[in-house]
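Colleague: Sharing a structure with you now.
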Amino acid sequence: MFNRSGLSPLLLLCAFVLAPSLASAFDGTPGADAPPGAAVPAGKPRTIEESVRFGAQALRSGQTEQGIDSLRYAADQGHAGAQWKLGRMYAEGEGVERNDIKAFEYFSQIANMHADDNPATPEARFAADAFVALGAYYLVGIPNSKIRRDATRARDMFAYAASYFGDPDAQYHLARLYIDGDGVDRDPRFAARWLGLAAHKGQYLAQAALGGMLFKGDDGIPRQGARGLMWLTLARDGAAGPQDKWVVDLYEDAFANASSDERAMALVYLEQYMKAAR
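Note that the numbering used here has the sequence shown beginning at 620, numbered continuously upward.
Spelled out as structure tokens, the structure:
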């Protein structure tokens, strides 16, 4: 996603990790009123919400230009969902030529307009993700632009979304900065606290990082082999594809080096965790 900008491999794996609810309106999966290949209704939408629905349906139907035009109209009127979708499209080159500057501008609009929104509002989902996206851009900068690498700004973006919105992806990104000492003093204990918050929300990358830290131990963090293996087991189950090979490798290495007692205790912890999560 950000590989052309030189994002580190680990951040590449986790940038823009999205909750399904955030992308459900735009992921190309037709709803009950929009079967596959359905034609976009004739006529022009009359309201901003109609423009968003019109644009989403056009994209699902393969009418990319119409879809983008409708979403752009809604985005220009300040619709956070439309701004987010266009930002994602430009960031990934999805149906458009990849353009990090345009993506950055759309994410900035969301962050500027919705930073103080109640975390329970629908717009807060887009705002939190926009802060994560901006943080990822600040970590590497955008070539041939005024956006330079600024780890402090990246930390601020992640920290705001992590604390105000309680966003698990932001919590993971923030923790990684303190694990790597990127723009901040390395602080594994502080990182572990953020990883714990994200891990308990099901963020599998945070589960992997926390599990690896606990299994081996770190500065100020005593080794907890069984607990670490439990988190790594959960992370392995959440790994989705080839890009998550590092998660699987981390689990397999820990499992191979765990004692029989640690493996058995990890299963006990896992059962307790699953029961509590129900």
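Even for Gly, the Cβ is constructed at its ideal location relative to N, Cα and C.
What you are looking at is a predicted structure, and each value in this text was computed from that prediction instead of being measured.
1. Determine the DSSP secondary structure at D736, reduced to helix, strand or coil.
2. With 16 as the cutoff for other CB atoms within 10 Å, does V887 come out buried or exposed?
3. Who are D922's beta bridge partners in DSSP?
4. Secondary structure at I687, three-state DSSP: helix, strand or coil?
5. Under the DSSP definition of a beta bridge, which residues are partnered with I840?
6. Return the chain-ordered list of same chain residues with a C-beta closer than 7 Å to the C-beta of I609, the five sequence neighbours on each side being excluded.
7. So, for R842: in the same chain, excluding its five sequence neighbours on each side, which residues have a beta-carbon less than 6 Å away from its beta-carbon?
8. Given this structure, state the Cα-to-Cα distance separating L853 from A875, to the nearest angstrom.
9. Following the continuous alpha helix (DSSP H) through S782, name the residue where it begins and the one where it ends.
10. Inspect the CB distances between the segment 759-767 and the segment 797-812 and report whether three or more fall short of 8 Å.
11. Under a Cβ-count criterion, where at least 16 other Cβ atoms within 10 Å of its own Cβ denotes burial, should Q822 be classed as buried or exposed?
12. Exposed or buried, what is E716 when buried is set at 16 or more other beta-carbons lying within 10 Å of its beta-carbon?
Modeller: Reading off the structure:
1. Here residue 736 corresponds to residue number 117 of the sequence shown, with the count starting at 1. The DSSP-derived three-state label of D736 is coil.
2. Counting from 1 along the sequence shown, the entry for residue 887 is found at position 268. Label assigned to V887: exposed.
3. Residue 922 falls outside the range modelled here, since the chain spans only 620 to 897, and no answer is possible.
4. Walking along the sequence shown from the start, residue 687 turns up at place 68. Look at I687 here: in three-state DSSP terms it is helix.
5. In the sequence shown, counting from the first residue as 1, residue 840 sits at position 221. D837.
6. Residue 609 lies beyond the residue range present for the chain, which begins at 620 and ends at 897; the question has no answer from this structure.
7. The count along the sequence shown starts at 1 and reaches residue 842 at position 223. Taken in chain order, the residues that qualify are G836.
8. If you number the sequence shown from 1, residue 853 lands on position 234. If you number the sequence shown from 1, residue 875 lands on position 256. If you draw a straight line from the Cα of L853 to the Cα of A875, it is about 16 Å long.
9. Position 163 of the sequence shown, counted from the first residue, corresponds to residue 782. Where S782 is concerned, the enclosing alpha helix (DSSP H) stretches over A770 to S782.
10. Contact fails: fewer than three Cβ-Cβ distances are below 8 Å.
11. Taking the sequence shown and counting its residues from 1, one reaches residue 822 at position 203. Burial is judged here by how many other beta carbons sit within 10 angstroms of a residue's own beta carbon; Q822 has at least 16 and is buried.
12. If you number the sequence shown from 1, residue 716 lands on position 97. Looking at its Cβ environment, which holds fewer than 16 other Cβ atoms inside 10 Å, E716 is exposed.
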